[in-house]
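Residue numbers (this note's numbering), protein chains in the order written: chain Y, 3 to 276; chain P, 2 to 421. Where a beta carbon is used, it is the ideal one built from N, C-alpha and C, also for glycine. A short write-up of the structure that comes next.
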Amino acid sequence: MLPPYASPLERTWYWMHRALVFLILAFLILPILVIIPLSFNADNFLMYPMSGFSLRWYEEFFTSPVWGRSVMNSLIVSPAATLLAMALGTLASVGLVRAEFPGKTALTAVLISPMIVPVVIIGVAMYLFFAPIGLTGSYTGLILAHAILGVPFVITTVTATLVGFDFNLVRAASSLGAGPITTFFRVTLPLVAPGILSGGIFAFATSFDEVVVTLFLAAPEQSTLPRQMFAGIRENISPTIAAAATILVIVSTLMLLTLEWLRRRNERLRTALI
Amino acid sequence: MSDFAASASAIDGADPDLKRRMRRAERRRNLAYFALILPLALLVLVAFVWPIASLLVRAVENEGIHDNLPQTVAALRAWDGPELPDERVYRLLADELAQAKGTPKLAAIATRLNREEAGLRSLVMKTARHLPLPADVSAKEALIAIDPAWGEPPIWKTLKRAGHPFTAFYLLAALDLTVDAHGHVALAPPQERVYLDVLGRTFWMSFNVTLLCLLLGFPVAYLMAILPVNRSNLLMLFVLLPFWTSVLVRIAAWIVLLQNEGLVNRLLLSLGLIQSPLPMLFNRFSVYIGMIHILLPFMVLPLYSVMKGISPVYVRAALSLGCPPWRSFWTIYFPQTIPGVGAGVLLVFIMCMGYYITPALLGGPKEQMLSYFIAFYTNQTINWNMAAALSAILLTATLLLYAVYALRFGPTRVKFMKAR
Chain Y
3 MLPPYASPLE
13 RTWYWMHRAL
23 VFLILAFLIL
33 PILVIIPLSF
43 NADNFLMYPM
53 SGFSLRWYEE
63 FFTSPVWGRS
73 VMNSLIVSPA
83 ATLLAMALGT
93 LASVGLVRAE
103 FPGKTALTAV
113 LISPMIVPVV
123 IIGVAMYLFF
133 APIGLTGSYT
143 GLILAHAILG
153 VPFVITTVTA
163 TLVGFDFNLV
173 RAASSLGAGP
183 ITTFFRVTLP
193 LVAPGILSGG
203 IFAFATSFDE
213 VVVTLFLAAP
223 EQSTLPRQMF
233 AGIRENISPT
243 IAAAATILVI
253 VSTLMLLTLE
263 WLRRRNERLR
273 TALI
Chain P
2 MSDFAASASA
12 IDGADPDLKR
22 RMRRAERRRN
32 LAYFALILPL
42 ALLVLVAFVW
52 PIASLLVRAV
62 ENEGIHDNLP
72 QTVAALRAWD
82 GPELPDERVY
92 RLLADELAQA
102 KGTPKLAAIA
112 TRLNREEAGL
122 RSLVMKTARH
132 LPLPADVSAK
142 EALIAIDPAW
152 GEPPIWKTLK
162 RAGHPFTAFY
172 LLAALDLTVD
182 AHGHVALAPP
192 QERVYLDVLG
202 RTFWMSFNVT
212 LLCLLLGFPV
222 AYLMAILPVN
232 RSNLLMLFVL
242 LPFWTSVLVR
252 IAAWIVLLQN
262 EGLVNRLLLS
272 LGLIQSPLPM
282 LFNRFSVYIG
292 MIHILLPFMV
302 LPLYSVMKGI
312 SPVYVRAALS
322 LGCPPWRSFW
332 TIYFPQTIPG
342 VGAGVLLVFI
352 MCMGYYITPA
362 LLGGPKEQML
372 SYFIAFYTNQ
382 TINWNMAAAL
392 SAILLTATLL
402 LYAVYALRFG
412 PTRVKFMKAR
């Protein structure tokens with residue numbers, strides 16, 4: 003990288019730049035790593051030094067009714083919202099790419115606006131709208147809200163995939179006698195699936211980490227894992243939070259790795275085609 | 002598309018029936034594709050656009066008087082006096098207040114009037130206690146006997162003003178403006194000003210966080226752009242892992258690190274840099290740290306994607322022509338990164354403006370931004386009009402910035418935005 007004839011000043015710059023970036027990346031990563039060991043702490047405090055090793059906080063996390071319920075709720079709401087966002091978002095993306103009609107840009111902007119409007123406004127607006135029709139404190143309301151928050155990610159990734167999709171393949175399939183349904187499942191879907199999947203991961207991550215709208219819409223019975231963590235951090239911060247955090251770090255690492263795998267697979271396919 | 006054009010011109014000579022049939026088929030297919038958008042469009046319109054629109058209407062809605070005292074308000078429309086309204090208006094008010102007595106309506110009227118002028122709540126309550134009036138007395142004299150305030154024009158002016166179905170009161174109040182007795186818009190007295198401070202704080206904190214993210218994100222993105230791919234991928238992982246980690250995990254982590262007995266204070270104490278623990282939590286410092294930690298990836302990603310596309314040959318050319326390294330970086334390389342800088346800055350700033358969770362958990366009362374007050378008026382004091390007015394201001398600011406972003410960078414490039 004650094005040429006042998008570099009001046010001392012250039013050398014200093016070179017190493018200072020690297021040291022600075024190292025410090026910034028440490029700032030990004032270390033806090034996440036610091037909390038993991040604390041989940042194995044034997045005593046009651048969420049601080050170092052640790053007094054011994056124990057799994058009691060994981061036991062607490064998995065057996066306490068409050069945390070258990072929040073995990074269950076997250077496992078109901080997030081997958082349901084993700085599936086809904088993926089189904090409706092994919093259909094709409096195909097329509098947005100293929101149909102021509104006036105106001106298409108405006109409609110696209112509206113459909114991806116849940117990503118831009120500040121969440122508190124979404125929370126308040128949905129609360130005031132859902133309350134009179136009995137959708138607050140219900141799974142239905144929460145799932146609908148989370149699906150709407152996830153839809154923009156599905157639309158942006160799937161439309162990006164579809165723009166690179168060669169629709170002549172569909173024409174070829176139908177000219178060879180395949181019906182629209184066969185064509186969709188055997189030609190279109192396998193090619194756009196990675197786009198849908200990565201949109202789905204974004205939507206899942208959004209829902210799985212959503213606090214604000216949940217604060218407005220959910221009754222205690224629908225409290226999700228992030229909502230419970232919010233309450234835990236605010237009221238009594240205990241090592242159970244660290245246990246929950248560790249599990250969430252594992253989940254987010256899995257999502258990251260899946261996306262990375264999808265990206266590499268996509269790149270491989272793309273270079274293989276050329 | 003050229004093959005399509007060719008086939009279309011070939012059809013030009015063919016029989017017109019075929020042309021029509023093709024156009025119809027084309028239209029039908031277009032309609033079928035359009036139908037695919039409908040389910041989502043309906044959901045978003047009903048459960049997202051409509052609720053937000055009706056929230057915004059609340060910002061100008063004037064509830065309390067015109068819905069609970071409809072006849073009095075209608076009668077007052079004709080009155081514009083310095084002199085007092087006539088007996089009919091007094092009688093209507095007495096009757097309608099008597100009807101409202103013992104129902105939540107009365108409290109609504111009293112609360113709404115009290116917002117116009119402190120003290121009117123007790124006037125309404127006191128008056129209602131003496132109602133209903135007997136049918137054979139003069140309502141005008143009876144009301145003035147209950148409280149002399151009914152014999153002065155200002156109370157009727159207030160009632161008339163508060164009786165409009167729409168009002169700019171909340172929107173003005175959200176900017177610390179009031180309408181004085183002469184109908185002029187003026188700044189609220191200094192001790193009553195709240196929101197300009199909050200609005201200013203929201204902008205100031207967003208500005209600082211954005212600037213710091215740019216200063217920290219630029220060198221990271223730059224290093225990733227100049228390193229070979231396999232090593233920059235590793236660095237990218239260090240940026241993406243926090244990006245994917247739950248915000249609450251990171252906030253909890255910062256509480257662990259920054260508390261009085263936390264690792265940072267311990268480290269500084271053991272190094273002898275400080276004598277007693279520094280208060281680093283629940284203040285501006287911890288909010289900035291938390292927000293930068295969450296938003297830095299949103300700055301690095303657009304910067305990196307632009308920098309990756311910058312060819313190194315220009316800087317090399319400048320260097321070979323004798324331009325000093327710093328100057329060639331600043332005059333040749335940096336201007337090419339401006340699209341990334343613009344995208345990152347706008348993205349981070351837009352997200353900052355709506356922050357709620359981080360200041361709520363890591364800040365003190367002086368760190369709460371606009372979002373906090375919107376939630377506060379919705380949940381705590383149940384003043385939905387005020388919540389709506391503040392929402393309108395926050396939404397306008399956000400959408401304006403987003404419009405700049407979308408016009409400059411295209412609407413769908415906001416891929417990395419995560420609602421927080």
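> Mind pulling the chain Y residues with CB within less than 9 Å of Gly263 of chain P?
Replying inline: Think of a sphere of 9 Å around the beta carbon of Gly263 of chain P: the chain Y residues whose beta carbon falls inside it are Met49, Tyr50, in chain order.
> For chain P, is any of its Cβ atoms less than 7 Å away from the one on Val277 of chain Y?
Replying inline: Past the edges of chain Y, shown from 3 to 276, lies residue 277 of chain Y, and the structure says nothing about it.
> Under the three-state reduction of DSSP, which class applies to Val186 of chain P: helix, strand or coil?
Replying inline: Looking at Val186 of chain P - three-state DSSP - the assignment turns out to be strand.
>> Could you check whether the Cβ of His19 of chain Y sits closer than 7 Å to any Cβ belonging to chain P?
In response: Judged by the 7 Å Cβ criterion, His19 of chain Y is in contact with chain P.
> Comparing the CB of Gly310 of chain P with every heavy atom of the ligand NAD, is any distance shorter than 6 Å?
Replying inline: The ligand NAD is not part of the structure shown, which contains no ligands of any sort.
>> For a cutoff of 7 Å on Cβ pairs, would you count Asp4 of chain P as touching chain Y?
In response: Note that Asp4 of chain P has pLDDT 49, beneath the 50 cutoff, so the model's placement of it is unreliable and the number below is only indicative. So no, Asp4 of chain P is outside the interface.
> Using 8 Å as the Cβ pair cut-off and three pairs as the minimum, do the region 99-107 of chain P and the region 142-155 of chain P touch?
Replying inline: In short, these stretches do not touch, since the Cβ pair count stays below three.
> First and last residue of the beta strand (DSSP E) that includes Thr179 of chain P?
Replying inline: Here the beta strand (DSSP E) through Thr179 of chain P covers 178-180.
> CB Arg173 of chain Y to CB Tyr34 of chain P, shorter than 7 Å?
Replying inline: Not in contact: Arg173 of chain Y and Tyr34 of chain P (Cβ atoms no closer than 7 Å).
> Cα-Cα, which of P:Leu176, P:Val195, P:Gln192 is closest to Val186 of chain P?
Replying inline: The candidate whose alpha carbon is nearest that of Val186 of chain P is P:Leu176.
> Which residue spans inside the region 182-246 of chain P form an unbroken beta strand (DSSP E) run of at least 3?
Replying inline: Runs found: 186-188.
> Can the beta-carbon of Ala205 of chain Y be found less than 7 Å from the beta-carbon of Gly152 of chain Y?
Replying inline: In this structure, Ala205 of chain Y places its C-beta atom within 7 Å of the C-beta atom of Gly152 of chain Y.
> Using a beta-carbon distance below 7 Å, is Tyr289 of chain P in contact with chain Y?
Replying inline: False, the Cβ-Cβ gap to chain Y never drops below 7 Å.
> Glu262 of chain Y by DSSP, collapsed to three states: which one?
Replying inline: Helix, per DSSP.
> Who are Phe167 of chain P's beta bridge partners in DSSP?
Replying inline: Paired residues: P:Glu62.
>> If contacts are defined as beta-carbon pairs under 8 Å, then Ala163 of chain P and Asn284 of chain P qualify, I think. What distance do you get, rounded to the angstrom?
In response: Contact flag wrong, Cβ pair sits at about 41 Å.
> Can you give the beta carbon distance from Gln230 of chain Y to Ser72 of chain Y, rounded, assuming they're within the 8 Å contact cut?
Replying inline: About 4 Å; that satisfies the 8 Å criterion.
> Going by DSSP, which residues form a beta bridge with Asn75 of chain Y?
Replying inline: According to DSSP, which records beta bridges pairwise, Asn75 of chain Y is partnered with nothing at all.
>> Out of Y:His148, Y:Leu193, Y:Ala28, which one is the CA nearest neighbour of Ser80 of chain Y?
In response: The shortest Cα separation from Ser80 of chain Y among Y:His148, Y:Leu193, Y:Ala28 belongs to Y:His148.
> Hey, Pro116 of chain Y and Ile78 of chain Y: beta-carbon distance below 7 Å or not?
Replying inline: One thing to note: Pro116 of chain Y has its Cβ no nearer than 7 Å to the Cβ of Ile78 of chain Y.
> Given 8 Å as the limit, is there contact between the region 68-77 of chain P and the region 89-98 of chain P, that is, 3 or more CB pairs closer than that?
Replying inline: These segments touch.
>> Taking 7 Å as the threshold (beta carbon to beta carbon), is Asn31 of chain P in contact with chain Y?
In response: Using a CB distance cut-off of 7 Å, Asn31 of chain P counts as an interface residue toward chain Y.
> For Asp211 of chain Y, is the classification buried or exposed, using 16 other Cβ atoms within 10 angstroms of its Cβ as the cut-off for buried?
Replying inline: The residue in question, Asp211 of chain Y, is buried, as its Cβ has 16 or more Cβ neighbours within 10 Å.
>> Nearest by alpha-carbon distance to Phe244 of chain P: which of P:Lys367, P:Leu401, P:Gly323, P:Pro298 is it?
In response: Minimum Cα-Cα distance from Phe244 of chain P among the listed residues P:Lys367, P:Leu401, P:Gly323, P:Pro298 corresponds to P:Pro298.
> What are the start and end residues of each continuous alpha helix (DSSP H) run of 4 or more residues lying completely inside the region 130-177 of chain Y, in chain order?
Replying inline: As far as the region 130-177 of chain Y is concerned, its whole alpha helix (DSSP H) runs of at least 4 residues are 141-165, 170-177.
> Hey, out of P:Asn266, P:Asn231, P:Val288, P:Asp87, whose CA is closest to Tyr357 of chain P's CA?
Replying inline: Comparing Cα positions, the closest option is P:Val288.
>> Closest to Tyr171 of chain P by C-alpha separation, out of P:Thr399, P:Ile375, P:Asp137, would be which residue?
In response: The candidate whose alpha carbon is nearest that of Tyr171 of chain P is P:Ile375.
>> What does the alpha-carbon distance come out to for the pair Ala7 of chain P and Asp18 of chain P?
In response: Because the pLDDT of Ala7 of chain P is 49, which lies under 50, any placement of that residue in the model is unreliable, and the question is left without a value.
> Any Cβ of chain P within less than 7 Å of the Cβ of Ser56 of chain Y?
Replying inline: No, its Cβ sits nowhere closer than 7 Å to a Cβ of chain P.
> Is Asn261 of chain P helix, strand or coil by DSSP?
Replying inline: Residue state, collapsed to three classes: coil.
>> Going by C-alpha to C-alpha distance, which of P:Ala99, P:Gly152, P:Ala150, P:Pro155 sits closest to Ala136 of chain P?
In response: When each option's Cα is compared against that of Ala136 of chain P, the closest is P:Ala99.
>> With the cut-off set at 7 Å, would you say Val194 of chain Y and Thr246 of chain P are in Cβ contact?
In response: No, the pair does not count as a contact, with Cβ atoms beyond the cut-off.
> When the Cα of Gly105 of chain Y is compared with those of P:Val138, P:Leu85, P:Arg116, P:Ala42, which residue comes out closest?
Replying inline: Closest option to Gly105 of chain Y, judged by alpha-carbon separation, among P:Val138, P:Leu85, P:Arg116, P:Ala42: P:Ala42.
>> Beta carbons nearer than 9 Å to chain P: which residues of the region 239-250 of chain Y have them?
In response: Those residues of the region 239-250 of chain Y placed with their C-beta closer than 9 Å to a C-beta in chain P are Ile239, Ile243, Ala244, Ala246, Ala247, Thr248, Leu250, ordered along the chain.
>> Counting C-beta neighbours from all protein chains within 10 Å, is the total for Met308 of chain P 16 or more, i.e. buried, or is it exposed?
In response: By the neighbour-count rule (16 or more Cβ atoms within 10 Å), Met308 of chain P is buried.
> In its own chain, which residues sit with a C-beta less than 7 Å from the C-beta of Phe417 of chain P, not counting the 5 before and 5 after it?
Replying inline: Here the model assigns Phe417 of chain P a pLDDT of 46, short of 50, so the residue's position is not dependable, and the following value carries that caveat. Correct list, in chain order: Phe299, Leu302.
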